[in-house]
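Read through the structure below, which is laid out as structure tokens, and then see the notes.
In our numbering, the protein residues as written are 28 to 745.
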């Protein structure tokens with residue numbers, strides 16, 4: 028979002044570690060000596076280099092004088108049938124010069140549905156010994172990129188099982204960065220502790236400190252909890268009313284001279300708030316969700332003085348007074364109840380909100396949809412009696428208002444003992460072992476480096492981050508991916524791209540995923556992606572969705588336009604796209620995708636629905652030709668030409684080409700022209716006249732240009 032100082036004329040002038048729910052589990056010793064399972068077993072391959080030669084069997088014969096070699100193309104695979112399902116502990120690969128640069132080790136019980144237990148995109152070949160965790164009858168090497176122009180060639184492919192195994196315990200400490208307040212504590216001590224955290228985090232935009240502030244059920248008086256960077260504030264009750272704060276939870280922009288456009292990466296959840304003045308202030312921009320809140324009064328979304336603010340997200344909340352948009356350029360509110368709404372700037376969208384203003388886009392620019400077609404509210408940490416647990420709300424369809432209006436939110440409680448509580452320094456191998464045991468996953472607040480992919484393969488697994496837990500991939504790996512199974516929930520994570528390019532930062536389902544998950548979709552909620560800013564990160568794409576029926580509920584995918592010195596720039600923090608959707612019938616609420624260098628959102632699957640997009644095209648193309656030779660830039664939102672059914676509401680794209688203000692972008696949005704593809708309530712705008720977006724969609728709509736910063740609107744297309 029734009030950080031410079033401009034303004035639209037439409038704008039109105041003591042840390043405690045938490046130990047809970049520990050499950051005592053006996054750690055087993057050696058179960059058996061590690062055994063070679065693959066030698067002499069039946070082997071097959073996708074191809075061979077020559078007819079009758081370099082056979083798959085020659086990679087499992089124990090003879091280094093023979094080898095398997097594939098055709099000269101991608102992808103290729105070699106698999107071995109172990110004869111029965113076995114526990115896999117290690118895989119050895121002895122490569123010929125023609126090796127794999129990018130490959131996975133996969134396991135299966137049926138040679139049809141595969142689960143990845145190892146993934147790399149930076150292999151240099153040679154002799155490799157990979158410690159893995161998994162089980163299956165079939166094990167294969169699946170190569171997707173070669174080191175040479177020749178094929179894939181293995182002298183030996185060895186699969187081992189057995190060895191020393193341990194059982195990883197569930198539950199445990201939530202970590203030293205979790206601060207828990209009890210109503211028996213004095214207001215002065217609570218305030219002093221919260222103030223100390225805020226002092227550290229107020230301007231610490233790209234630091235490594237992460238914090239969760241939690242309130243046990245009860246009533247608290249006279250507090251003003253200011254929320255800084257990388258900080259989450261939560262109530263630990265079953266419902267918002269269980270934690271009552273007579274006071275405020277505040278985000279303002281004094282640290283940035285009244286400009287709220289950099290108030291990122293902070294959140295509040297599951298609290299009943301009685302503001303001292305009758306109005307609470309939550310002046311945020313991207314990646315700052317406001318969930319499960321019960322505000323008895325007004326909610327002011329602007330900074331003090333009605334300075335600049337660039338958009339945000341509310342869900343499952345009740346505001347008895349006014350939701351005050353004021354200077355927010357755009358805002359998305361879902362499944363909530365409000366007394367009224369004040370003001371609109373460019374793009375204010377309401378889905379399933381009781382009390383929302385009537386649809387009136389573009390004057391005023393309200394997009395209002397009465398019901399939310401399908402949603403599952405975000406899982407949340409709470410106290411079930413004296414023990415910590417995670418509550419997972421049920422899926423709902425055609426809903427409006429808050430999930431807790433008639434009592435407890437319908438859903439299921441999972442005790443902390445069924446979670447592996449990861450701590451900074453844990454390896455991806457340890458996390459994968461915990462997942463393979465059947466545990467869910469919670470990340471303590473902190474920063475995690477992973478050198479292999481975290482694989483989520485079990486249906487209904489919950490993966491949660493606390494306090495903006497941040498995952499950084501090393502050596503170009505994809506940090507987290509899922510299998511094509513039902514009901515995975517991923518929430519509250521920040522993926523920060525590493526300095527070696529990753530193909531993707533989060534992958535939902537394997538390539539070609541085809542299962543129908545309509546009855547139990549995977550959900551991605553409050554998941555954020557950062558390319559650059561903190562480190563000189565690189566990732567070709569941020570979020571890749573292959574599984575059908577996935578629900579995306581609030582993401583911010585951001586290629587940095589500012590940050591620490593040397594971490595951003597056209598050739599520094601490179602990234603093509605923020606979101607690619609290949610799955611069918613995928614639904615997205617609250618997309619925030621900014622500054623990527625090619626199409627920022629690419630939608631390839633049929634049946635997609637998007638409710639609200641906030642986008643800024645890249646600030647920093649050094650010239651027209653450097654951005655896209657032969658064409659004027661890339662659209663923010665591209666629906667593939669092959670798509671026959673797609674619908675979207677409340678989409679906005681801005682330009683601010685501050686390196687070369689003469690640059691043009693041909694379209695804000697590009698879609699195929701057919702009766703099944705429909706767009707509603709679109710806008711483009713040039714911020715201060717820095718560049719031009721020539722058309723809103725498909726060469727239709729007036730140019731966004733000029734220093735007046737006036738949007739170009741289009742009510743519908745076609």
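Even for Gly, the Cβ is constructed at its ideal location relative to N, Cα and C. These numbers come from a predicted model, not from an experiment.
Element boundaries [beta strand (DSSP E), containing residue i]
| i | result |
| --- | --- |
| residue 374 | 374-381 |
| residue 162 | 154-173 |
| residue 335 | Neither: residue 335 is in no beta strand (DSSP E) and is coded neither H nor E. |
| residue 358 | 357-369 |
| residue 500 | 497-500 |
| residue 722 | 719-724 |
| residue 705 | 704-713 |
| residue 131 | 127-135 |
| residue 750 | Only positions 28 to 745 of the chain appear in this structure, which leaves residue 750 out of reach. |
| residue 523 | 516-523 |
| residue 586 | 578-586 |
| residue 307 | 306-308 |
Helix, strand or coil at residue i according to DSSP, with G and I counted as helix
| i | result |
| --- | --- |
| residue 292 | coil |
| residue 348 | strand |
| residue 183 | strand |
| residue 459 | helix |
| residue 219 | helix |
| residue 200 | strand |
| residue 232 | coil |
| residue 660 | coil |
| residue 224 | helix |
| residue 753 | For the chain, the structure presents residues 28 to 745; residue 753 sits outside this window and is missing. |
| residue 267 | helix |
| residue 100 | coil |
| residue 143 | strand |
| residue 70 | strand |
| residue 746 | This structure leaves residue 746 out entirely; the chain is present only between 28 and 745. |
| residue 119 | strand |
| residue 113 | strand |
| residue 85 | helix |
| residue 716 | helix |
| residue 354 | coil |
| residue 743 | strand |
| residue 387 | coil |
| residue 213 | coil |
| residue 737 | coil |
| residue 566 | strand |
| residue 48 | Annotation note: pLDDT 32 at residue 48 (below 50); position unreliable, no value reported. |
| residue 64 | coil |
| residue 54 | Bear in mind that a pLDDT of 26 at residue 54, under 50, signals an unreliable position, so the number given afterwards is only what the model happens to contain. Three-state DSSP puts residue 54 in coil, outside helix and strand. |
Classification of residue i by the beta-carbon crowding that lies within 10 angstroms, buried from 16 upward
| i | result |
| --- | --- |
| residue 223 | exposed |
| residue 645 | buried |
| residue 254 | buried |
| residue 556 | buried |
| residue 57 | In this prediction, residue 57 has a pLDDT of 31, which is less than 50 and means its spatial position is unreliable; what the coordinates show is noted afterwards. Answer is exposed; the Cβ neighbour count stays below 16. |
| residue 303 | exposed |
| residue 257 | buried |
| residue 449 | buried |
| residue 48 | Low local confidence applies: a pLDDT of 32 at residue 48 is under 50, so the model's placement there is unreliable, with the coordinate-based value given in what follows. Under this definition residue 48 is a buried residue. |
| residue 742 | exposed |
| residue 437 | exposed |
| residue 226 | exposed |
| residue 91 | exposed |
Delimiting residues of the alpha helix (DSSP H) encompassing residue i
| i | result |
| --- | --- |
| residue 746 | Nothing in the structure corresponds to residue 746, since the chain is present only between 28 and 745. |
| residue 653 | 651-654 |
Presumed contact (8 Å Cβ cut-off) between residue i and residue j, rounded CB distance
| i | j | result |
| --- | --- | --- |
| residue 262 | residue 297 | 4 Å |
| residue 353 | residue 329 | 4 Å |
| residue 273 | residue 249 | 7 Å |
| residue 750 | residue 460 | Within the shown structure, residues of the chain are numbered from 28 to 745, placing residue 750 beyond reach of any answer. |
| residue 288 | residue 474 | That pair is no contact at about 25 Å. |
| residue 563 | residue 504 | About 17 Å separates the two Cβ atoms, so there is no contact after all. |
| residue 571 | residue 628 | 12 Å between Cβ atoms; not a contact. |
| residue 498 | residue 506 | 5 Å |
| residue 689 | residue 721 | Wrong, their Cβ atoms sit about 13 Å apart, outside the cutoff. |
Any chain C beta carbon closer than 8 Å to residue i
| i | result |
| --- | --- |
| residue 574 | No chain C is present in this structure, which holds just one protein chain. |
Pick out the complete beta strand (DSSP E) segments inside the segment 588-634, 3 residues or longer, and give them in chain order. Taking only runs of at least 3 residues, the beta strand (DSSP E) segments lying wholly in the segment 588-634 are 604-608, 614-621, 628-630.
Runs of 3 residues minimum, wholly inside the segment 401-483: which ones carry the beta strand (DSSP E) assignment? 407-411, 414-420, 422-426, 438-442, 446-449, 467-470, 474-477, 481-483
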